[in-house]
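In what follows, a single structure is set out as structure tokens and then discussed.
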């Protein structure tokens with residue numbers, strides 16, 4: 001199911017076969033929170049820009065439209081008309097970051113919906129049930145996402161509970177996959193490593209969950225306030241203790257530089273809201289660094305956002321036109337910037353895969369990190 | 001240049017050859033106020049949904065991005081990457097409806113920009129100069145748009161001034177078209193008939209401007225508060241006094257029913273913000289009437305907005321999904337609804353042209369008006 005095709009140092013070029021097609025890794029998943037990519041980007045567009053995996057948020061779909069409705073409509077794939085892989089998060093991160101007053105117990109978490117304030121309970125079983133209703137390709141385990149700066153004793157207790165929750169997730173997912181009316185009987189389950197920046201807690205946890213023979217392993221609880229160096233250090237120390245014959249996913253990360261560094265440390269899967277969020281603010285990526293289209297110097301710039309880029313915006317429109325749209329607050333400007341940024345990330349991953357295949361990943365990474373600084377230095 | 005291919009009663013099936021291609025009429029122009037269709041619809045999308053003519057607003061482009069910048073960028077066609085015809089309005093309607101404190105004199109109008117309040121002067125020459133900088137295919141004459149309920153004496157004075165302004169527009173456009181650095185040396189000029197609901201004033205004005213041998217004639221100042229019956233009456237009385245060998249344009253109109261009635265009264269060109277504005281509110285057109293996707297009954301409706309519709313939304317997505325997007329305030333929902341509505345209007349015009357060619361326009365119109373009531377009757 002998961003096969004490493006080539007390694008280059010710790011960097012892995014692999015593929016994961018799923019019922020919704022084969023994922024070539026390293027891969028960047030495109031975030032479509034409520035079954036839609038923000039910036040008026042559709043699943044037809046995602047095919048056009050080379051997206052392999054779409055990521056939807058369990059919490060958002062549960063509190064608003066409802067996973068039961070989506071199950072009735074045939075599951076998320078049919079609902080949003082996307083036949084490639086979908087990963088759903090567990091809802092855990094949103095429960096701990098978005099929801100109102102919450103209470104954590106051994107069974108799970110009681111919280112208030114950020115939409116209408118109503119009280120909702122979610123534990124490992126509920127998270128699996130919701131994700132099963134959505135019928136995603138890959139479900140994520142329900143974990144606690146403790147505050148970035150929590151005390152070590154809090155983190156240790158939290159990680160132990162996350163392990164117990166993971167056991168319950170695995171059991172519940174097996175039960176759900178066997179039900180006669182399940183949307184996707186082959187739904188995969190990835191576990192999540194936690195432990196904040198305490199590498200001894202991370203390593204201990206990685207060893208424990210590795211024994212559970214899950215379909216993949218994520219590193220969670222990073223990019224929540226620690227420095228990039230701390231994040232890279234955690235990856236250096238922890239990833240070697242996760243199974244090498246399973247895909248590895250660095251959750252919620254990150255900038256192009258973060259991804260280049262993550263790949264070198266053995267990560268297969270990434271996801272982040274940066275390309276769509278930045279795009280909606282007119283910040284667009286190029287090989288030479290990120291540019292802000294609101295800058296006056298692009299007013300009469302008739303070049304595309306990035307010369308040679310094959311995205312739908314760059315193939316047809318100039319910086320000057322897209323800047324005009326952004327200044328006029330036209331949605332179309334956001335759509336172009338988001339399309340470009342997602343294409344940029346997808347294309348970066350293609351280059352990354354090529355470099356690992358060619359066995360020169362480290363040199364490639366250094367060159368790209370260097371190039372990226374071009375605009376900043378000017 | 002303009003050729004009537006077939007008539008059916010007063011309905012005309014014609015074509016207008018321009019430097020940007022031939023327009024088949026009756027036609028509905030798609031409104032892209034600031035060189036962009038609201039709802040994240042691009043010029044690439046317009047080709048996909050069969051748009052023949054894009055309409056941009058002179059006032060908006062002048063007060064914000066600036067027509068001089070657009071001229072420097074090679075004109076509106078190049079700026080927005082659209083090689084088919086563009087019609088620009090004169091700015092008159094916006095000056096009289098959007099701008100702040102204004103003062104009308106024989107020379108023109110002084111007003112405050114609705115963006116930053118700065119004082120701007122616009123008269124016939126300025127309007128032609130701006131439209132020449134934009135380089136549209138068809139420019140509209142600068143006219144006064146008097147309040148719907150103005151006294152007859154006010155209307156008569158206003159119409160006389162509009163005639164004098166039209167003479168100045170014609171002269172200025174001829175001068176601009178002959179300049180060596182003009183964007184489009186073949187820019188066409190349409191005059192505008194005014195007179196509110198006073199048919200004697202309308203007829204007198206129609207006769208006077210008909211003698212000026214312009215490239216086309218619009219009926220302006222309608223759909224501003226009078227009843228549909230009053231509008232149809234004005235068309236019944238006035239259109240016969242406009243040249244039959246020139247295209248006729250009913251400005252800012254309207255609903256599908258208005259268009260069906262307008263065509264029967266000899267109109268070639270239409271434009272209206274309804275399809276895009278309604279789309280952004282989840283109101284979508286079908287042959288059987290307009291539906292509101294927010295209605296709970298569409299929650300689990302897995303049919304497309306209109307069965308058999310070939311628009312990008314209907315080809316790929318269900319009412320239930322688009323309703324979900326609208327409820328979640330995702331731009332993508334608006335994009336789908338606007339694409340559908342514009343396709344619906346473009347497709348309606350195709351059917352209208354077919355019916356005139358077949359010589360059964362009246363029966364066709366009655367049938368479509370009848371069908372449209374289906375949803376309302378239920």
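Chains as they are written, first to last, in the working numbering: chain A, 1 to 378; chain B, 1 to 378. By construction, the Cβ of each residue, glycine as well, lies at the ideal position given by its N, Cα and C atoms. None of these values were measured; they are calculated from a predicted model.
May I ask you to report which of helix, strand or coil DSSP gives residue 64 of chain A? coil
Since residue 247 of chain A and residue 268 of chain A should fall inside the 8 Å C-beta cutoff, what is the C-beta to C-beta distance between them, to a whole number of angstroms?
4 Å
Please classify residue 378 of chain A as buried or exposed, where buried requires at least 16 other C-beta atoms within 10 Å of its C-beta. Residue placement at residue 378 of chain A cannot be trusted, given a pLDDT of 45 that sits under 50; what the coordinates show is reported in the next sentence. By the neighbour-count rule (16 or more Cβ atoms within 10 Å), residue 378 of chain A is not buried but exposed.
Is it the case that the region 66-73 of chain A contacts the region 133-152 of chain A, given that we only count it when at least three CB pairs across the two stretches are under 8 Å?
yes
- Message: By the three-class DSSP mapping on this structure, what secondary structure does residue 209 of chain B have?
- Response: helix
What residues in its chain sit with their C-beta under 7 Å from that of residue 83 of chain A, if we drop five residues either side in the sequence?
20, 77
ask   = Between B:33, B:85, B:60, B:32, which lies nearest to residue 15 of chain B when the distance is taken from Cα to Cα?
value = B:85
#### Entry: Contact set for residue 226 of chain A: own chain, Cβ-Cβ below 7 Å, skip 5 residues either direction
148, 197
_Please classify residue 195 of chain B as buried or exposed, where buried requires at least 16 neighbouring CB atoms within 10 angstroms._
buried
Residues of chain A with a CB under 8 Å from the CB of residue 227 of chain B: which are they? What residue 227 of chain B touches in chain A: nothing, since even the nearest Cβ is about 34 Å away.
By alpha-carbon positions, which one of B:363, B:360, B:339 ends up nearest to residue 45 of chain B? B:339
Next on the checklist: Using 9 Å as the threshold, is the C-beta distance between residue 379 of chain B and residue 122 of chain B below it?
Outcome noted: No answer is possible for residue 379 of chain B: the residues shown for chain B start at 1 and end at 378.
| message | Short of 7 Å in beta carbon distance, which residues of its chain neighbour residue 119 of chain A, apart from the five on each side in sequence? Order them along the chain. | response | 110, 112
Checklist line | Member of B:266, B:322, B:316 whose CA lies at the smallest distance from the CA of residue 292 of chain B | finding: B:322
Practice item. Under the assumption that residue 81 of chain B contacts residue 343 of chain A (Cβ atoms under 8 Å), give the Cβ distance between them as a whole number of angstroms. Key: About 18 Å separates the two Cβ atoms, so there is no contact after all.
Check: Rounded to a whole number of angstroms, what is the C-alpha to C-alpha distance between residue 181 of chain B and residue 187 of chain B?
Finding: 13 Å
Next item on the list: Pick out whichever of B:371, B:158, B:363, B:311 has its Cα sitting closest to the Cα of residue 50 of chain B.
Entry: B:311
Checklist line | Rounded straight-line distance, which links the Cα of residue 30 of chain B to that of residue 179 of chain B | finding: 30 Å
Take the Cβ of residue 11 of chain B as the centre, count every other Cβ of all protein chains shown within 10 Å, and call the residue buried at 16 or more, exposed below.
buried
* Asked: Is the CB of residue 292 of chain A under 9 Å away from at least one CB in chain B?
  -> no
Q. Where does residue 283 of chain B sit, in a helix, a strand or coil, going by DSSP?
A. strand
Would residue 128 of chain A pass as an interface residue toward chain B - the criterion being a Cβ-Cβ separation below 9 Å?
no
- Message: Does residue 294 of chain B pass the burial test, meaning 16 or more other C-beta atoms within 10 Å, or should it be called exposed?
- Response: exposed
Cβ closer than 9 Å: which chain A residues qualify as neighbours of residue 316 of chain B?
42, 43, 44, 81
Subject >> Contact list for residue 302 of chain B against chain A, beta-carbon separation under 7 Å >> reply: 73
In angstroms with no decimal places, state the Cα-to-Cα distance between residue 214 of chain A and residue 231 of chain A. 24 Å
Between which two residues does the beta strand (DSSP E) containing residue 382 of chain B stretch?
In the structure displayed, chain B extends from 1 to 378; residue 382 of chain B sits before or after that span and is not available.
- How many Å lie between residue 330 of chain B and residue 35 of chain A at the Cα? 10 Å
Rounding to the nearest angstrom, what Cα-Cα distance links residue 300 of chain B and residue 87 of chain A in this structure? 24 Å
Below 9 Å between beta carbons is the criterion; list the residues of the region 325-343 of chain B that meet it against any residue of chain A, in chain order.
325, 327, 328, 330, 331, 332, 333, 334, 335, 336
Within 10 angstroms of the Cβ of residue 172 of chain B, are there 16 or more other Cβ atoms? Answer buried if so, exposed if not. buried
Discussion item. Any beta carbon of chain B sitting closer than 9 Å to that of residue 189 of chain A?
Written reply: no
| message | Let me confirm a value: residue 153 of chain B is counted as buried when at least 16 other C-beta atoms fall within 10 Å, else exposed. Which label applies? | response | exposed
Between which two residues does the beta strand (DSSP E) containing residue 270 of chain B stretch?
-> 269-271
inquiry  = With a threshold of 7 Å on Cβ separation, who are the neighbours of residue 283 of chain B within its own chain once the five nearest residues in sequence on each side are excluded?
reply    = 290, 292
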